[in-house]
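*Asks:*
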Amino acid sequence: VKEADGHDEL
Amino acid sequence: NLFRIAGDISHLVSILILLQTIEKGKTTSGISLKTQILYVVVFVTRYLDLLTTYVSLYNSLMKIFFIASSVYVVWLMTSKYNKKFKEDQDVFPVKYLVGGSFVMSLLFHYKFTFSEILWSFSLWLEAVCILPQLFLLQKTGEAKAITTHYIFALGLYRALYIPNWFYRYYSENRLDLLSVSAGLLQTTIYSDFFYVYYQKVLKNWGFNLP
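If you read the sequences in order, they're chains E and Y.
For the first sequence, our numbering assigns the number 831 to the initial residue and increments by one for each residue that follows.
For the second sequence, our numbering assigns the number 20 to the initial residue and increments by one for each residue that follows.
1. In whole angstroms, what is the alpha-carbon distance linking residue 52(Y) and residue 182(Y)?
2. Helix, strand or coil for residue 153(Y), going by three-state DSSP, please let me know.
3. Quick check: the Cα distance between residue 41(Y) and residue 47(Y), rounded to an integer number of angstroms?
4. Pull up the distance between the alpha-carbon of residue 154(Y) and that of residue 74(Y), whole angstroms please.
5. Measure the alpha-carbon distance for residue 228(Y) versus residue 49(Y) and round it to whole angstroms.
6. Kindly list the residues whose CB is nearer than 6 Å to the CB of residue 175(Y), restricted to its own chain and excluding five residues on each side of it in sequence; keep chain order.
7. To the nearest whole angstrom, what separates the beta carbons of residue 149(Y) and residue 208(Y), a pair I think is in contact under 8 Å?
8. Can at least three beta-carbon pairs, one atom from the segment 166–180 of chain Y and one from the segment 79–95 of chain Y, be found at a separation below 8 Å?
9. In whole angstroms, what separates the C-alpha of residue 125(Y) from that of residue 131(Y)?
10. Locate the alpha helix (DSSP H) running through residue 124(Y), then write down its first and last residues.
11. Are the CB atoms of residue 144(Y) and residue 61(Y) nearer to each other than 8 Å?
12. Which residue or residues does DSSP assign as beta-bridge partners of residue 194(Y)?
13. Express the C-alpha separation of residue 177(Y) and residue 39(Y) in angstroms, rounding to a whole number.
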């Protein structure tokens, strides 16, 4: 599983 | 994906309801200034990446809208409609929310950098920052229906993010454990309110039946 890198959500 | 869009729209709608309520009634009574100030803190600390990372035009516009609208609401409450503003009931001890969120951000973050800590802080703070508003609602006893619509839309937004995270886990193999944990906490805090709201709406429908 990729960990979130960069936050593209609001 | 659909859940994400629905969540974002629900968030947008909640703020439009709030602005509409204030402008129409020319009053901010029943709305917690503390919660609104916390939202400014949430959006400013989370969207610092506006200056460093570009995701999409949609993303940037939404971020700017959320920062600007939260500042605008606080300005409306403190300056424009200040005279009608009663703060004696809005007494939730906010320092615990801010302190607790800060501790959580120090414990849980992806990288030990200024912006990542603030990002994590904003997630935890957002999860709890409706509490002064719910507290005020409970204290005043009755709320204008429109205020409850606002809180409902606001709660719905994070609740809709949960299936969005499931979807992303399966379709993109992506998991943002921090967002999910804070999002679950946030939805839990709203759940009691959701139940009351649901009951109320059902009742009102019942009354309207011929």
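All residues carry an ideal CB built from backbone N, CA and C; glycine is no exception.
*Replies:* The relevant details are as follows:
1. The alpha-carbon of residue 52(Y) is positioned some 31 Å away from that of residue 182(Y).
2. Here residue 153(Y) sits in helix by DSSP.
3. Distance from the CA of residue 41(Y) to the CA of residue 47(Y), rounded to the nearest whole angstrom, comes to 6 Å.
4. Straight-line Cα distance between these residues: approximately 36 Å.
5. Confidence in residue 228(Y) is poor, its pLDDT being 49 and thus under 50, which makes the residue's placement too unreliable to answer from.
6. The beta carbon of residue 175(Y) lies closer than 6 Å to those of 29 in the same chain, with the five residues before and after it left out.
7. Distance from residue 149(Y) to residue 208(Y) at the Cβ level is roughly 6 Å; contact confirmed, criterion being Cβ atoms closer than 8 Å.
8. No: the two stretches stay apart, fewer than three of their Cβ pairs being nearer than 8 Å.
9. A straight line joining the alpha-carbon of residue 125(Y) with that of residue 131(Y) spans about 8 Å.
10. Going by DSSP, residue 124(Y) is part of the alpha helix (DSSP H) stretching over 113–126.
11. Contact check for residue 144(Y) against residue 61(Y) passes: the beta carbons are separated by less than 8 Å.
12. Residue 194(Y) is bridged by DSSP to 833(E).
13. Taking the straight line from one Cα to the other gives about 22 Å.
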